[in-house]
Each structure stands twice: as C-alpha cells, then as structure tokens.
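**Student:** Below is the structure I would like to discuss, written out as structure tokens.
Residue numbers (my numbering), protein chains in the order written: chain A, 1 to 1229; chain B, 10001 to 10154.
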C-alpha cells in the first residue's frame, strides 16, 4: 500500500499539467493530432489512478481538449468522480468539466443527483455556488424534478450569493419541470423585493423571461413592477423591467397608457444608449397596442422617430443598425411617421456596412407606394449592379421581388415594367434565386391576364437567347427561369408573334444540357406550340408551313427520347409518336388542328398555397378508420409490395368524387363568381384580353410604341428605366386628361376598389397603365378561416403557460427530498473540510438586528438609525482588517447597508466601463443621478394618480416611503427565512420595525448561540433548527460538537451508523469574532404541545499557548409556533374552512397594546408564521397551517389598545398553546 | 437570454465556449464553425450585430480575440455588448492587462470568472467588486494545482 502511494506521487511529478499540455500543443503545430492522441492516452492512464488530484488534473486537461473539439464523452464517469471530491479544488474542476461536457444525453447525469443535493446544502457557500452554476448548464428533467425543492429552499438562503444563484437557476428548473412553477412562484415573487440588489435583479430577470413567453399569467405583477421601475436606478434591472412591460402591454392597453409618461421621461433623461433603446422599443410596443384611435400619442411617436433618427445619423454603426431595426417596428403601425425619413433610409443603402444596408432594405419594404415604387426599385437595381458579394446581391434580388409583389402587387401600376425588371434580374450571374424569379414570372403571367401578350413576347426573347443564361455551367441557378419562359410561351402561345421561331428555339440541341425537369417542360410546351402553329396555318391552301413544323419536331424530338431523364423520355416519345401520326394525316390533307389544340384546351387557375390544407373534411368521413379490416400480423409481409401501388387509390376516389358532384361544382362556381364580384380587389376581366393597353380615359398612350420597339430587339439592355420615364409622362398626361375629361365617376369607383390604406400620397390619382386583372388564388369551398398553423408545438415555453393566481393544491407539492440538510455528515468527512472560511456576515446582521430593536424602543427616527448603522459599520471594518479572509463577506453587507446612493453606485454599471466605444459605455448611469431623479419620479406618478383618483394619492406616497425604508431594513429579517409582509394589505402604512425570530439559546464568555426553528413544507414530522454560533472570545474555537438529549417525542436526526447519544460535529470552526450558522434536523411526533430539550455544546478553545476543552449547556424550546408554516390562503377557501364546522374555537384578549394595527399583524405574521387572508379596517382574518396539516384561523380585532383574537383550529390543545405564545410575544413589548 | 458565448482568435481558434443551453455536441460544433466564419468575414468598422437563424449575434473584437454571443430575438443588443465589455474588464482586472495567452493558459479561470458574472444566460451580478470578491474567495479555497502537485500524495 505504502509503495503504491509513493509510486503514485513519483508518477505525478512526471504528469503534465494543463499548462504543459497547452504548451505542448503549441509546440506541435505540425502534428497536433498525433500529439494530442498521445496526450489522451496519458490522460486515460492518469484516470485509472486512485489519487483524486491526478484525476482532477486529467479532467482539467480533458476539458481543454473538449474545447478543441475532441470527444471526451468517454470520461463522463471520471468527471462525476472529480465532482464528488470533498475538496473544493477538485469539485470546482469537476463541475466545470461537467458543465462543459454534459448534455441531456449524458447518462451518468443520473448518478449525480445525490452528490449535487449534498453540495447544495453544503455549509460552504462556494460549494453550493459551484454546484448551482454547474447545474444551470446541464439540468435535465429528472434533475429538475428531484432537486426543485432543494433549490427552492436555497432561494431563502441567508447569503445573497446563494440566493441570487438559486433564483436564476429556477428558470432552468421551470423549463425542465414545469410543475415546479406554481409551488415556487410565491417565493420567487418575494425575491423581487429582496434587500440585496443582486438577488432582486436575478428575480427580475427570471420573471421577465417567464412573462415574455406567457405574459397573461403575469399581468397581476404589473403594479409591483411599476413600483420597481420608478424606484430602481440600476440600468441593468431597468432594462429588464421595461422589456417585461413591452410583453405585458399588448394584453392590457391601460397599462400602456400609464407607462407612456415614465418611459418618455426616461427617453429624455437617460444618457445610456441601451436603456434609451429599450425604452423606445417598449414605447413602440405600447403604441402598437394602443394604435387604434389614440391620436394624442402622436407626440410619443414623433419623439421615438426623432430619437431613432439621431441614432441612424450617428457615426457609430451599431446605433445606426439598431435605429433602423427599431424604425421597422414603427413602420408596421405608423408608416407615415417613418416615410418622412425616406431620404435617410435611402442614404443607408449606400452604407459600406452590409448589415446596415440589409436593415435599410427591410424598411424600404414598408415604405413603397404606387408613386415611388418605380423610383425605389430603380435605385435598388443600381445597387444590384454594384453589389460585390453574391449574398448581398441575392438579398437585394429577393427584396426587390418582395417589395413589388407585396399584398397582391398592390403598388404596381405598370406590369410591363415589372416583367422587364424580372427579365433584367435574370442577367445576374450566379444567383441562387432563379426559382424565385421564375415563379414570379409564372404568377404574373397567369394572374394578370392583360399582361400575357407582353410577357409572352419577353419570354420568347429569353428562350431565343437561352444560351446567354446557360452558357456558363456555374450559373445553373438562373436557368430555372427558362422553365417559366417555356411554360408561358407554350400556355399562352396564341399571343406569340412568331410561334415557329420560338418552337425552333425550344428544340435546339443545346436544350439537352438543361436540367431534366426543365427539358420536360420544353418538350411538353413544344407540343403546345405545335398545336398553335397548326391552328394558325389551318385553312391556308398551302400546307407547307405546317408540314415543315411536323418535320422539325420529328427531326429534333429523338434527341429527347434518348434522355436519361425518365420524365423527358416519356413525354418526348409520346409526343414524337403523336406528331408522326399527325404528319401522316397532314399528308392526306386531313384537317387536324382543332383536334390537336383540344389536347391542351382549358385554363389553369392559380391555387392558394394553403388550399390543400384547408379542404374541410366532409361530414361522416373518418380518415383514420380502416377501409378494410386491418391485415393480421402474419400477412403483413405479403401485403407490403402492394403498398407501392396503393398510392394510386386515393386518386381514383377523388375523381369519382368530382364526377358525382358535377352539378354541385357548377353551383360552387356560381357562388365563387358571386364572391369575386363582391371582392373589391377583384376587377372583372375586360371582355377581350387583347385590350392590353386600354387604360380608361387615356387615348394616346406611348407605351404602345415601346411594346414593339424596345423589348424585343435588344435583350441585353436594361429597359425598365425607360418605363420609369414613360410612366412619369403617362401620369402627367393622365392628370391633364383628367382635368379635361369628366370621367371622375369611373375613377372614383376604381379608387374605392383598389384603395389600400398604406400610401401617404393620394394614390387614387394614379391609374394603372394596364387594366390589371389579378386572378385571386383559389381556395376550397368552406375553407376554415382560422390560421392557427403558425404555432410551434415544440416550444418548451408552452408548458410554462400556467395560471399562477390559483391557490396551490396539495398534489402540487414538490417532491420531497430524501435527506435534509447535510449538516449530518459523518465525522470523517468533516475532518477533510478543514479551514473553510467563515463569514462574519451572519453575526453582523444579527448584531444590527439587536441594535435596531433597542432603537425601536426609543422610537428614534430612521435617519439617526442610519447614522448609527454607519458607525457600527466602521467598527466592523476594523474588525475585518484583522481577518482578511472575512473581508469578502462583510464587504458585501456593507454595500447593502450603506445609504442608497453608494450602494447603487457599486451595483449600477460604473462609468469606468466607458473605454473605447460609446456604445460600450451605453448602459452606464451617472452616479449622481439616482438621488435627483427619485423625487421627480414620485412627483410624476403622483401627478398621474391625481388624474385618476385623488384618494389614492396619499397612499401611493406612503407606499413609496415605505419601500424606501424597506430597502434598508429588510435584510435584517433575513434570518427568519419567511417574510412577514408578503401580504399586500399590510403594505400601505408606516414602516415596520425590524424583527427577528432568533432567540438566545445559551451564552458564556466564549460563545453565544441563537436559534430559530422552522417547519418544513414537505415533511410533516421534521423541523429544522438553525443555530448561529458566535465566537465572542479572542481564541479560535474548533471541534464543536452539538448534542441533544432526545425525548420520546423529539429526536435529533443523526447520520446513519451514529449512536442515539452521539453528538453532531458542527461543520466549521470559528476564528475570533466570527459567527456562522448550522442547521440541525429534528424529527417530532406530536406537535400539539411545546417541548424543551436539554443539550450540550462541547468545543475546544485554542489560543496561542494552550487549548482547553469547554462546554455549554442549553435548552432548546420547541414552541408550537415553530410547527406552523406560513401558508397563503384565499378568502373563499378560508370561508369554506370556517363553514365546515370541523374547527373548535378559543379566544384571547390583549390589553394595553399600543402599536399600530398593521404592526400587530406583521408581528403575528412574522413571529407566528401566519398570513393575512383579508383585512378590513381594524379587523383582519389570518391563517396558518401546521406541518401536520392542522388549520389555524385567527380573527383579530382591535379597538382602543385592546386586541381580541378569536381563533379556530381542528386541534384545540395546539390552538391553546399557540395563543399562549402569541400572548407572550405581546407581553414582551 | 443568452444562448452561448464564444471566444475565438483571429485565426478562428476557439479559446472559450460557454453554452447556456444543453445542445448536442454536433450542433455546438456547427454553431462554432458558423460563428467563426461569419464573424471573421466581417469587415472592420462594420456594426457588431448580425442575424443568424432566429438568433441575434453580437460580437466584438478585443485585441486579437473575438467575443461573440448569441441572443434571443427580443434581447437588447447594446446590453449584450455591455456584457461582453464587462467580461473583458473582469478578465483584465483578474489577470492584469489580459491577453490571449492568459486565457489560453488559464482557461479554467476565465470560466470561473464568467460563472460568477453570468448564469443560465442571464446576468447574475452587475457589481464588478462583488464578482472579483467571490472569485478571489473561491481561489483562496482552491490551492493551485502546482502547489498541490508539489506536495506529497498523502
């Protein structure tokens, strides 16, 4: 054995540590992989050793390798081993490795539950902290379920360091285990008013995240947050709160109205850009929620837009970007305010930063109108030419198409122009969006009947010049356009000038290099063209032309018959045979044109994208029912091959279905026509689609001339520009004509029909160049109007949509943990835990508490108190100097207790943050700000109140005051865990004096012990005794052992294996002047009687020269109150309880109580764990529950220093004892 | 909520990664790859924000290191820049004029500092002093590896 140890330590000298590994990797740049693989082999060897230090070192190295991308999942178990080490050194490394390497699929996570639980309840706050941090990275649903209760308990930990971590991790727990939300929420809510700003900000963070996902459940918190917003000066917190309001306002417009004023004030006053930006965003959200009929908020909108303009004009690219981003949000509801800044936004298109250009593009989308569409698109086309990167160019392309096609081509007045734009876009090299352009071409050609002639001509040109598009094999994306071109030319071939030429173009051998699906369309549409040619030449005496066409097809088609693509092959061979047959007929001079044309007769209508989904299921049709009896298991194998063909079946049934309903179809068509007639956006087709340029009221239209001259000849030249010019002319002419001719009536009709509420200009003045006939997309009859298909069913936040206002049911309790606080450690383990640093915080806060009490008696003003507190602080500082180790903790307390300004200075981002960029300095708040703004805030909110209700005003003022005080005093009641003033009813009055539940246990010249007893929500037979040990001597106290003589009823919980009379080792040592807290679990059987247990604390006093053994006897007093747990109760449930008649009554009278009623209530709440159910004037009902589920109800009334308490409980002796204890509490003061 | 925080060098070498969501390894690698290529392709003096899938990417270069984080859609970009900056300050304070090598050789320290500053993708502590204190206190508890290694094994 000894040899093994020696060997281990020698080995270790040769081990690499992390630094060596990193250095090694850097020195082996050429053969890094090889070097690392030898390192991993070494690590594997190290992991096999027993020495935990070696293992930790190996795990540390693995964590580094994991970052470099190496798989370390094989070492998961070793990581758990290192995590479980009792030494913080290794634990820290283990948890780090776990947080980096573990994920939900890691199976060893299951093994960690107990270890984590142990660490969570460790007396060393850093053990707990490191466990919480790690857990936040890899918490699984199982871990969340098992540990939820432990973490919830930690939310009320005495140390803010733990509290804030526990609060933050709760969010992760909620996500993984949604059932925990309701039981944990009251405590989380409590933390919003935690005295520690860090904890408070953590709670704000968590609730903000929760509320963003499911705002409606958090509306009731709005007043609390409003209070926080007006009182907080920490920008980090403010931003979160303001964001939260952004989520709440859409649900409650009244809230929005209330918010506008404080937010605009903030916008005016703050110098922090991040806060300004958040305010602007929330104001926008508010305005959106109020948008209908609130004209008096135009000032706020103007303010936002102005501020955003300043941001956009800023030289800082970040601000510019965000300004544009926020602007686009305003655009949706207040387009006019944004449109006035068009110049600025167009300017941003020239910015050298691509991200900014993209944001500007987004804005343009909403800014177009009929008037400026051509101009804007022209500008964009220029950018397309200039753009270097393909991604940005592609983005431009899609934006152009988006802008033009939005809301059914609403802003396009001239579709010829649009087709030319599309054709120009086909000249982009290497774009990915050929498909997009193609679908636009198809869409426009199909839905705008009037444009078909023009479109066909353009497409014919495209086909003719197809080699330009396909010349480079790299540019495959764009050849999709040919798909559209071929189809349009074929389908609308009656508009073709020279179908023969197009046909020839479509059958060139080069076509065979195109993708298969395009060739297939080529072949099919060649047949359509063939039909047109035949039709054209029918009746001519000379059938030469028709026969030449047949010949051409017969010569060219065989190329396609040989195609490797099945679709092409099939179509080509089919059509080839057909043409051969036709040729024979032609030679016999048989007229075939009509019959051939009949092959392609009929018109295709566009179908809405969602149409298929919207087909309603006919009554009586059950799609899940078996049509035939399900095949038995054994047969299934034989059935399988058939399944391939079963696809056919639905088709048959479909056709049958339609055949049957021929009559019905006719009827539906009729209905549809009716609908279209009533649809303002559907303009009926002109009788002849040939009347392409027949704009009403316009006789001489120049467009006619270009139609022939420009587009057909020069395919390589942009011509859309010319349309812009022509359009200008046309519009002017239009105007002139309008004056001349009195055709107002007609135009007004159209104006109504096509009017959209978007453009700022009077759009009615602009008439479209063509009679636009946008065929609406078809939807199945009876389609359901609802559009609920956008929600993601996999969203984890869905599960958190839980009503938080309902009272908790018994079934909702969190799972009970198996062990209680790990104070019950085996002595062996404790020995390892030597030299855990102690904290003086406990002591200091406790001391303060007591000082407070004295002062309270003297009824001194709070200001004086503060001064004293400061003095006290100084004393403490001196103390600290002698013990540098404790500095950490006490410093903390100092921050909290110091006057508000200094505390906020520390927590708010300090101005030192401003180093290089203005944005980096953005969130900084001026240190002198808080004090100045606070009274202002109070005033402003008061002001608002005045408008609403005068009576409320004073209350509000008081509330503010109270809150203020609260801030300073609150943490004194920390140790009590449960807070006294959680009930809103108490809050409106004078500040509460500080209270503590800790009472003296025993004291001698070395040590002082105070204790408090708390019931546990989850366990009906256990209570936790928290004892604070304070070293009063100048010596070191160690080896403290806590022992209690058990009674039959109450027993100290000892670790497994310990005898019934063994003491428990207190898991820490106390340097001079330091105090620390330990918790002990007791099991109790009957709780109806108070109990006293005798006990002894033994310890060693170690001074420089000597060490002595000392002991201190004490009596632990288990009051009946300590078995009660503060449990909220709702008034209706309370009433039911009283009605039930199961409770027995008793009463109590207290004379000469001269304290305010709310103080009285607060005292009962705090010291006796009650909660206020309802309070009316000087009468209140209160409720509490014992750990064994007894209900205790109180009715407290007061008049002239006399307090009468009527009480009811299902256990009379418990009630009697509780009342006695209440009496005692008040007799003391 | 922040989804991840990455530190990488100008050569695209990852120096630190923190995932606030438990993602499978493969997805993490893809994100790292996408982030490094996207961020390194950015020209100087462009804004520090990008869109990637449904996340907002905020990055900033400090000397030879890029700090890059992924935010949810409603998060405040300026606040994220602030967080990055604060983290750099914390590192600077801890290491004293921090450079890339500090983070490479003491990467676990960089994580420990981060863990005191952020948790679960949310800000945990805004006060630089408190963070520095808790990191120091934890360090006091943790003897350095070297020290331990030089001690005998029992």
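The C-beta atom is built at its ideal place from N, Cα and C for all residues, glycine as well. All of these numbers come straight from a predicted model, not from anything done at the bench.
(1) Under a three-way DSSP split, which group does residue 413 of chain A fall into?
(2) Could you tell me the boundaries of the beta strand (DSSP E) in which residue 289 of chain A lies?
(3) Which of the three DSSP states is assigned to residue 10053 of chain B in this structure?
(4) Give me the Cα-Cα distance between residue 10004 of chain B and residue 59 of chain A, rounded to the nearest whole angstrom.
(5) Which residues in chain B have a C-beta closer than 8 Å to the C-beta of residue 353 of chain A? List them in chain order.
(6) Three-state secondary structure (DSSP) at residue 269 of chain A?
(7) Quick one: what does DSSP say residue 1180 of chain A is sitting in, helix, strand or coil?
(8) Report the rounded CA-to-CA distance for residue 1001 of chain A versus residue 1065 of chain A, giving the unit in angstroms.
(9) If we count the other Cβ atoms within 10 Å of its Cβ and call it buried at 16 or more, is residue 499 of chain A buried or exposed?
(10) Give the DSSP-derived three-state secondary structure of residue 1031 of chain A in the structure shown.
(11) Can you tell me the Cβ-Cβ gap for residue 534 of chain A and residue 546 of chain A, rounded? I've got them flagged as a contact below 8 Å.
(12) Quick check on the burial criterion: 16 or more other C-beta atoms within 10 angstroms. Buried or exposed for residue 586 of chain A?
(13) Using the Cβ count rule (16 or more neighbours within 10 Å means buried), how would you classify residue 77 of chain A?
(14) Shortest alpha-carbon distance to residue 10101 of chain B belongs to which of B/10009, B/10002, B/10001?
(15) Name, please, each residue of chain B whose Cβ falls closer than 7 Å to the Cβ of residue 19 of chain A.
(16) Under 8 Å between the Cβ atoms of residue 1024 of chain A and residue 1014 of chain A?
(17) Answer yes or no: does any C-beta atom of chain A fall closer than 8 Å to that of residue 10050 of chain B?
(18) Can you give me the C-alpha to C-alpha distance between residue 544 of chain A and residue 509 of chain A, rounded to a whole angstrom?
(19) Measuring alpha carbon to alpha carbon, tell me which of A/19, A/285, A/187 ends up nearest residue 251 of chain A.
(20) Grab me the residues of residue 831 of chain A's own chain with a C-beta within less than 6 Å of its C-beta, minus the 5 sequence neighbours each way, in chain order.
(21) Work out the CA separation of residue 556 of chain A and residue 579 of chain A for me, nearest whole Å.
(22) Under 7 Å Cβ-Cβ, which residues of chain B neighbour residue 212 of chain A?
(23) Could you say which of A/414, A/221, A/427 lies nearest to residue 450 of chain A if we only look at CA atoms?
(24) Which chain B residues sit within Cβ distance under 9 Å of residue 202 of chain A?
(25) Using C-beta distances below 6 Å, list every residue in its chain close to residue 249 of chain A, excluding the 5 sequence neighbours before and after it, in chain order.
(26) Could you tell me which chain B residues have their CB closer than 7 Å to the CB of residue 22 of chain A, listed as they occur along the chain?
(27) Under 8 Å between C-beta atoms, does residue 1095 of chain A make it to chain B?
(28) Taking the runs of the alpha helix (DSSP H) that are 4 residues or longer, which of them lie wholly in the stretch 586-625 of chain A?
(29) Taking residue 560 of chain A as the reference, which of A/548, A/576, A/550 has the closest Cα?
(30) So what does DSSP say about residue 150 of chain A, is it helix, strand or coil?
(31) Mind checking residue 824 of chain A: buried by the 16 CB within 10 Å criterion, or exposed?
(32) On a CA-only basis, which of A/1172, A/1177, A/1168 is nearest residue 1217 of chain A? Give me that one, please.
(33) Please confirm whether any heavy atom of the ligand ATP lies closer than 7 Å to the CB of residue 182 of chain A.
(34) Against chain A, does residue 10009 of chain B count as a neighbour if the rule is that its beta carbon must be under 8 Å from one of theirs?
(35) Against residue 239 of chain A, what residues of chain B qualify as contacts under a CB-to-CB distance less than 8 Å, listed in chain order?
(36) How close, in whole Å, do the beta carbons of residue 1072 of chain A and residue 1036 of chain A come, if the pair is a contact with beta carbons under 8 Å?
**Tutor:** The answer reads as follows:
(1) Residue numbering aside, residue 413 of chain A sits at position 413 when the first chain is read from its first letter. In the structure shown, residue 413 of chain A sits in coil (DSSP, three-state: anything other than H, G, I, E or B).
(2) In the first chain, the residue the question calls residue 289 of chain A occupies position 289. Taken as a continuous stretch (DSSP letters only), residue 289 of chain A belongs to no beta strand (DSSP E), being part of the alpha helix (DSSP H) at 273-290.
(3) As a position in the second chain, residue 10053 of chain B is number 53, starting the count at 1. Of the three classes helix, strand and coil, the one that applies to residue 10053 of chain B here is coil, per DSSP.
(4) By one-based count along the second chain, residue 10004 of chain B stands at place 4. By one-based count along the first chain, residue 59 of chain A stands at place 59. Each residue's Cα considered, the two are about 23 Å apart.
(5) If you number the first chain from 1, residue 353 of chain A lands on position 353. Under the 8 Å cutoff, chain B gives 10043, 10045, 10046, 10047.
(6) As a position in the first chain, residue 269 of chain A is number 269, starting the count at 1. The answer is helix: DSSP assigns residue 269 of chain A an H, G or I state.
(7) Within the first chain, numbered from 1, the residue matching residue 1180 of chain A stands at position 1180. Here residue 1180 of chain A sits in strand by DSSP.
(8) Looking up residue 1001 of chain A in the first chain gives position 1001. Looking up residue 1065 of chain A in the first chain gives position 1065. Spanning the two alpha carbons is a distance of roughly 18 Å.
(9) What you label residue 499 of chain A is simply residue 499 of the first chain in a count that begins at 1. With 16 or more other Cβ atoms within 10 Å, it is buried.
(10) Taking the first chain and counting its residues from 1, the one referred to as residue 1031 of chain A is at position 1031. Note: residue 1031 of chain A maps to strand in three-state DSSP.
(11) Walking along the first chain from the start, residue 534 of chain A turns up at place 534. Walking along the first chain from the start, residue 546 of chain A turns up at place 546. So it is a contact: roughly 5 Å between Cβ atoms.
(12) Along the first chain, one-based indexing puts residue 586 of chain A at 586. It is buried - the Cβ of residue 586 of chain A has at least 16 other Cβ atoms within 10 Å.
(13) Position 77 of the first chain, counting from 1, holds the residue named residue 77 of chain A. Flag for residue 77 of chain A reads exposed.
(14) If you number the second chain from 1, residue 10101 of chain B lands on position 101. With distances taken between Cα atoms, residue 10101 of chain B lies closest to B/10009.
(15) For this step, residue 19 of chain A is matched to residue 19 along the first chain. By Cβ distance, chain B contributes 10105.
(16) Counting from one through the first chain, the residue named residue 1024 of chain A turns up at place 1024. Counting from one through the first chain, the residue named residue 1014 of chain A turns up at place 1014. Going by C-beta atoms, residue 1024 of chain A is nearer than 8 Å to residue 1014 of chain A.
(17) What you label residue 10050 of chain B is simply residue 50 of the second chain in a count that begins at 1. It does: the Cβ of residue 10050 of chain B has a partner Cβ on chain A nearer than 8 Å.
(18) In the first chain, counting from the first residue as 1, residue 544 of chain A sits at position 544. In the first chain, counting from the first residue as 1, residue 509 of chain A sits at position 509. In a straight line, the C-alpha of residue 544 of chain A is about 24 Å away from that of residue 509 of chain A.
(19) Reading the first chain from its first residue, position 251 is the one you call residue 251 of chain A. That would be A/285, whose Cα lies nearest to the Cα of residue 251 of chain A.
(20) Position 831 of the first chain, counted from the start, is the residue given in the question as residue 831 of chain A. Below a pLDDT of 50, predicted positions are generally treated as unreliable, and residue 831 of chain A, at 44, falls in that range; the measurement from the model is reported next regardless. Cβ within range, chain order: n/a, list empty.
(21) The residue labelled residue 579 of chain A in the question sits at position 579 within the first chain. The residue labelled residue 556 of chain A in the question sits at position 556 within the first chain. Rounded to whole angstroms, residue 579 of chain A to residue 556 of chain A spans 12 Å at the Cα level.
(22) Indexing the first chain from 1 puts residue 212 of chain A at position 212. In chain order: 10074.
(23) Walking along the first chain from the start, residue 450 of chain A turns up at place 450. The shortest C-alpha separation from residue 450 of chain A is found at A/414.
(24) Your numbering for residue 202 of chain A matches position 202 in the first chain. Going along chain B in sequence order, the residues near residue 202 of chain A (Cβ under 9 Å) are 10119, 10122, 10123, 10124, 10125.
(25) Numbered from its first residue, the first chain carries residue 249 of chain A at position 249. Here the set comprises 255, 256, 285, 286, 289.
(26) Residue numbering aside, residue 22 of chain A sits at position 22 when the first chain is read from its first letter. Those are 10104, 10105, listed as they occur along chain B.
(27) Reading the first chain from its first residue, position 1095 is the one you call residue 1095 of chain A. So, not an interface residue.
(28) 593-598, 611-614
(29) The residue labelled residue 560 of chain A in the question sits at position 560 within the first chain. Residue 560 of chain A has its Cα closest to that of A/576, out of A/548, A/576, A/550.
(30) Counted from its first residue, the first chain places residue 150 of chain A at position 150. Three-state DSSP puts residue 150 of chain A in a helix.
(31) As a working note, residue 824 of chain A is residue 824 in the first chain. The pLDDT assigned to residue 824 of chain A is 40, lower than 50, so where the model puts this residue is not dependable; a value taken from the coordinates is nonetheless given after this. Looking at its Cβ environment, which holds 16 or more other Cβ atoms inside 10 Å, residue 824 of chain A is buried.
(32) Locating residue 1217 of chain A in the first chain gives position 1217, where the first residue counts as 1. Closest option to residue 1217 of chain A, Cα to Cα, is A/1168.
(33) This structure lacks the ligand ATP, and indeed carries no ligand of any kind.
(34) By 1-based counting over the second chain, the position of residue 10009 of chain B is 9. No, residue 10009 of chain B lies away from the interface with chain A (no Cβ there is under 8 Å from its Cβ).
(35) To locate residue 239 of chain A, count along the first chain from 1; it is residue 239. Residues of chain B passing the Cβ test: 10076, 10079.
(36) For this step, residue 1072 of chain A is matched to residue 1072 along the first chain. For this step, residue 1036 of chain A is matched to residue 1036 along the first chain. Indeed they touch by this definition, with Cβ atoms about 7 Å apart.
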